[in-house]
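In my numbering, the protein residues as written are 20 to 316.
Yeah, the Cβ is synthetic: ideal placement off N, Cα and C, and Gly gets one too.
Just so it is clear, the structure is predicted and the values come from calculations on it, not from any experiment.
Step one of this worksheet: look at the structure below.
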Ligand SMILES: Cc1cc2nc3c(=O)[nH]c(=O)nc-3n(C[C@H](O)[C@H](O)[C@H](O)COP(=O)(O)OP(=O)(O)OC[C@H]3O[C@@H](n4cnc5c(N)ncnc54)[C@H](O)[C@@H]3O)c2cc1C
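Below you can see the structure in the form of structure tokens.
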């Protein structure tokens, strides 16, 4: 059977499900990634993505695991690529490596400044913003499906959501086929973001990013990283169970399930799961979504 392309999937009315991995830094972490990849095969996500680390430090690891996930686990794999520390020529070379490996989809990002640096500084012969990377991919790899990042609660550096949305539009106008959002815990922010995006002519699918929190410190850390709102009901429910991670996971799962249900019922084009390279709680969430008729695999 011919595999349906990601662009065909994006155009279909059926919700799309995707999972994000990050490249491991140790043998133990690699084992965990691969065992999670094996566990989640049963859920047949439409694609899996694999992140790209600061300063280009994971260039070879991102490619290695992207290849492995595609070849050994038969996933449709979307490697991420950032502009950090790379010249335009480097980036062209990496795009060619992805192309040669048959990885026909790329998540195009500017990237964050390397650890210890406050501001993003482009490589002297490099790119300044993700819209330029989208153009570079489009011009060098025409058949590639391109994803870009979106921020329902505004990118931390942007002066306002309105300005940030205009920058998102530049990425889409440059050729991005879809947007994956930063994680959020309050759906109203996603719905308002999608409405504002549509109002300025952004028509591509905007895939909501979900993460199931399991402890309060973890939820706080992720909200801090992305300047995301942590709803007080979620924070106090997690606080009440303290370090009991089984109870924390139950609370996080219930929250994610209700988020996912509402998102899909109100027309989100699918869900993207930030899984931190772990099978659970995402597998448990997918089981629940399946039981409730929201997910077929
Ligand atoms: C789904 C997703 C996946 C991610 N994966 C990774 C990853 O694998 N590796 C990693 O290091 N980071 C990753 N990130 C984080 C991301 O790299 C950071 O949020 C980074 O700070 C911004 O990247 P961007 O592509 O959104 O940048 P851009 O879209 O370039 O935006 C960066 C800032 O500049 C502004 N801006 C954008 N374009 C212009 C322009 N043309 N002129 C003036 N201002 C502009 C925007 O408003 C924003 O404030 C991911 C984020 C998301 C949402």
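In this structure, residue 166 lies near residue 195, with their beta-carbon atoms less than 8 Å apart. Secondary structure at residue 79: helix, using DSSP grouped into helix, strand and coil. Between ligand 1 and the CB of residue 29, the shortest heavy atom gap is not smaller than 7 Å. By the Cβ-count criterion, residue 192 is exposed, with fewer than 16 other Cβ atoms from all chains shown falling within 10 Å of its own Cβ. In the DSSP secondary-structure assignment, residue 99 is bridged to 126.
Between the alpha carbons of residue 246 and residue 239 lies a distance of about 10 Å.
Counting along the chain, the unbroken beta strand (DSSP E) around residue 68 starts and ends at 66–69.
Ligand 1 has no heavy atom closer than 7 Å to the beta-carbon of residue 216.
For residue 122, the closest C-alpha among the options 164, 40, 186 is that of 164. Closer than 7 Å to some heavy atom of ligand 1: that describes the Cβ of residue 70. For residue 172, the number of other beta carbons within 10 angstroms of its own is at least 16, and it is reported as buried.
In this structure the region 124–137 does not lie against the region 80–94, because fewer than three pairs of beta carbons, one per stretch, are closer than 8 Å. In this model, residue 151 and residue 98 are separated by some 17 Å (Cα to Cα). For residue 82, the shortest C-beta to heavy atom distance toward ligand 1 is 7 Å or greater. Per DSSP, residue 213 is one residue of the alpha helix (DSSP H) stretching across 206–218.
The region 119–175 is shown to contain whole beta strand (DSSP E) runs of 3 or more residues at 124–128, 164–169, in chain order. Taking residue 236 as reference, the option from 137, 34, 262 with the minimal CA-CA separation is 262. Assigned with DSSP and collapsed to three states, residue 197 falls in strand. Cα atoms of residue 108 and residue 255: separation of roughly 49 Å, rounded to the nearest angstrom. Distances from the CA of residue 300 to each of 265, 282, 316, 278 were compared; the closest alpha carbon is that of 265. Nearest C-alpha to residue 31 among 292, 68, 287: 287. Taking non-hydrogen atoms of ligand 1 into account, the C-beta of residue 301 is found less than 7 Å away from none of them.
Within the same chain, 204, 205 come within 8 Å of residue 250 by CB-CB distance, once the 5 residues on both sides are set aside.
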